[in-house]
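A.B. asks: Here the numbering used here is used: the first residue of the sequence shown is 1, the next is one more, and so on.
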Amino acid sequence: MKNDRNYVFSQKIMRISLKKKRNISANEFSLTGQIKSLKRNDLVDFESSLERDFIYILEFDENVRYYYEQPLKIEFKDRYYVPDFFVEY
Numbered sequence: 001m002k003n004d005r006n007y008v009f010s011q012k013i014m015r016i017s018l019k020k021k022r023n024i025s026a027n028e029f030s031l032t033g034q035i036k037s038l039k040r041n042d043l044v045d046f047e048s049s050l051e052r053d054f055i056y057i058l059e060f061d062e063n064v065r066y067y068y069e070q071p072l073k074i075e076f077k078d079r080y081y082v083p084d085f086f087v088e089y
């Protein structure tokens, strides 16, 4: 896949499939929406004003090569974690 990339974490190579792992849905408790990304030529979802502002920072930072929201699911024994963003510099 063209969006798959290899990264080294703790001396192990991890393949990250950059597909959204969690869908963001509108609710009455937080600000949700989408921003048109010029870097990705795509819509980027956010679920808070902090995430929205971070997307603007990523868009204007010339050192950022690529970023993706809700990029992977990290599974633990009894729960999982989905980071808000993956950023490649």
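Note that the Cβ used here is the ideal one computed from N, Cα and C, for glycine as well. Since we're looking at a predicted model, the values are computed, not measured.
Name the DSSP beta bridge partners of Asp42, please?
C.D. replies: As a working mapping, residue 42 is identified with position 42 in the sequence shown. DSSP, once it has assigned bridges, lists Ser37 as partnering Asp42.
A.B. asks: Between which two residues does the alpha helix (DSSP H) containing Tyr56 stretch?
C.D. replies: On the sequence shown, residue 56 is found 56 positions in, with the first residue counted as 1. Per DSSP, Tyr56 belongs to the alpha helix (DSSP H) from Ser49 to Phe60.
A.B. asks: Considering just the uninterrupted stretch of the beta strand (DSSP E) at Tyr68, what are its terminal residues?
C.D. replies: Taking the first residue of the sequence shown as position 1, residue 68 is located at position 68. Residues Tyr66 to Glu69.
A.B. asks: Terminal residues of the continuous beta strand (DSSP E) containing Phe86?
C.D. replies: For the purposes of this step, residue 86 is taken as residue 86 along the sequence shown, with counting starting at 1. Start and end: Phe85 to Glu88.
A.B. asks: Pick out whichever of Asp61, Glu75, Ser49 and Lys77 has its Cα sitting closest to the Cα of Val87.
C.D. replies: Your numbering for residue 87 matches position 87 in the sequence shown. The option with the nearest alpha carbon to Val87 is Asp61.
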